[in-house]
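Visitor: Supplied in structure tokens, the structure appears directly below.
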Amino acid sequence: MQPCVAEYSVSSFSVCSVTCGEGKQTRAVTCVGSRGERLPNRACVGLAKPPSVQACRRPACYTHVTWHVTDYGLCTRSCGGGVRERRVSCLDMDLNSYPEARCGTATKPLAVETCNAKPCPRAQMVPSVQDPRTRESTMTGFVPHVPEDPPAPRRQTDIAFPPVIGPYCAQSLHGCCPDGHTSATGPRNEGCTQDDCVRTRYGCCLDGVTAAGGFGRAGCSEYPTAVQHKAPSTLPSSGNVCSMPRDEGPCDKWKVRFYFDSGAGKCTQFWYGSCHGNANNFVSMEACQRECGNVMMTESGPAPHKGTPRRKGTK
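In the UniProt record's numbering, the protein residues as written are 1 to 315.
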């Protein structure tokens, strides 16, 4: 009686598991005898078993890459014209990042827009803001941008330098009008209204001619600004600095700063108007914590609540 001869038998590989990109193909591998009868796998022990799976590659998949945007943040002003910002990124549908050129810079959505343009009935209230570092550290919140109907054609200079209203008018082609709020449409204040100081954002100084530079007639000669005062002979100690209340200052070119909130016992973000204010004002959270992180506040109450309106005449 002849000994049983066993060997592996293989089928053809299947079609690729994907229609694009990299996938796999499979096939059946069985142990058979000399007449093709199927044998248990132990009969083929010692034989090299052919692979049952192999990689396959199809044409590259099309990756849909487009502009994605987040929701707009809070407005920098509650009235009188402010701006609000959002994040804009070139991403695929899995939120992987790509160079902006892949999405087309000409179709990039705006990251800044004007808001709350209605005139202020009373003193401006500075809004609270979300921490931008928190939003920048995650990809959540991005959705594909759906463009609106295309606007009517504009002059090339208008497209490159669109008119800007609010704290960003200095970024426009011809800078700000004398009101410090509206962007000029040409050189030498072209396009700016020639109304007197009554129509400017902060009204007139007591001379009835000069436009005030901020709330409470800031910048007027009858109300000297903080720059005109002599500097103290000694710098305030960390304890004194950290006990000072939050002070946005009289100007309105808003930027994010940090101050030590003595009521909460921690450094907090706030909107700073870019001029004056007090020394409890730091460019970063780290600088605030370095200066005030170990200061124990007992003698002072909590800092003014966000949104507290400026009082007329306060400096």
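Note that CB positions come from ideal geometry on N, CA and C, so glycine has one too.
1) Tell me where the beta strand (DSSP E) around C115 begins and ends.
2) Let me know the secondary structure DSSP gives S78 once reduced to three states.
3) Leaving out five residues on either side along the sequence, give the residues of the same chain with a beta carbon under 6 Å from the beta carbon of C251.
4) Looking only at DSSP bridge pairs, what is Q25 linked to?
5) How about V146 and R102: do their beta carbons lie closer than 9 Å?
6) In terms of residue numbering, what span does the beta strand (DSSP E) encompassing R267 cover?
7) Candidates A48, L91 and S78: which alpha carbon is nearest C120's?
8) Short of 6 Å in beta carbon distance, which residues of its chain neighbour Q228, apart from the five on each side in sequence? Order them along the chain.
9) Closer than 8 Å by C-beta to E190: which residues in its own chain qualify, once you throw out the five before and the five after it? Chain order, please.
10) Express the C-alpha separation of Q25 and G36 in angstroms, rounding to a whole number.
11) Does the distance from the C-beta atom of R58 to that of V32 stay below 9 Å?
12) Who does P144 pair with in a DSSP beta bridge?
13) Apart from the five residues on each side of it in sequence, which residues of its chain come closer than 6 Å, Cβ to Cβ, to G69?
14) Which residues does DSSP pair with S97 in a beta bridge?
15) Of the choices V29, C16, L74 and V45, whose alpha-carbon is the least far from that of S52?
16) When you compare the CB positions of F270 and E291, do they come within less than 9 Å of one another, or not?
17) What first and last residue would you give for the alpha helix (DSSP H) that runs through E7?
18) To the nearest angstrom, how far is it from the Cα of F13 to the Cα of R84?
Guide: Here's the rundown:
1) Here residue 115 is taken as the residue at index 115 of the sequence shown, counted from 1. Unbroken beta strand (DSSP E) run through C115: V112 to C115.
2) As a first step, residue 78 is located in the sequence shown; it is residue number 78 there, counting from the start. Of the three classes helix, strand and coil, the one that applies to S78 here is coil, per DSSP.
3) Here residue 251 refers to the residue found at position 251 of the sequence shown. Here the set comprises G214, G273, S274 and C275.
4) The residue given as residue 25 occupies position 25 in the sequence shown. Its beta-bridge partners are Q54.
5) Along the sequence shown, one-based indexing puts residue 146 at 146. Along the sequence shown, one-based indexing puts residue 102 at 102. No, these two residues do not count as a Cβ contact at 9 Å.
6) Working through the sequence shown from its first residue, we reach residue 267 at position 267. Checking the displayed sequence, the identity of residue 267 turns out to be Cys instead of Arg. K266 to Y272 is the extent of the beta strand (DSSP E) around C267.
7) As a first step, residue 120 is located in the sequence shown; it is residue number 120 there, counting from the start. Comparing Cα positions, the closest option is S78.
8) Against the sequence shown, residue 228 aligns to sequence position 228. Because the pLDDT at Q228 is just 40, under 50, the model does not fix this residue reliably, and the value given afterwards should be weighed accordingly. Cβ neighbours of Q228 beyond the five flanking positions: none.
9) Position 190 of the sequence shown, counting from 1, holds the residue named residue 190. H174 and A184.
10) Here residue 36 refers to the residue found at position 36 of the sequence shown. Here residue 25 refers to the residue found at position 25 of the sequence shown. Cα to Cα, the separation comes out at about 24 Å.
11) The residue labelled residue 58 in the question sits at position 58 within the sequence shown. The residue labelled residue 32 in the question sits at position 32 within the sequence shown. It is not a contact, given that the beta carbons lie outside the stated cut-off.
12) Against the sequence shown, residue 144 aligns to sequence position 144. P144 pairs with H68.
13) Residue 69 sits at position 69 when you count from the first residue of the sequence shown. The residue asked about is misnamed: residue 69 is Val in this sequence, not Gly. Result list for V69: R86, V88, P109 and H145, in chain order.
14) Taking the sequence shown and counting its residues from 1, one reaches residue 97 at position 97. In DSSP, S97 forms a bridge with L91.
15) Counted from its first residue, the sequence shown places residue 52 at position 52. If we check each option's Cα against that of S52, V29 comes out closest.
16) Numbered from its first residue, the sequence shown carries residue 270 at position 270. Numbered from its first residue, the sequence shown carries residue 291 at position 291. Cβ distance not < 9 Å, so F270 and E291 don't count as in contact.
17) Looking up residue 7 in the sequence shown gives position 7. Element bounds for E7: not the alpha helix (DSSP H) but the beta strand (DSSP E), A6 to V10.
18) Position 13 of the sequence shown holds residue 13. Position 84 of the sequence shown holds residue 84. For F13 and R84, the distance between alpha carbons rounds to 58 Å.
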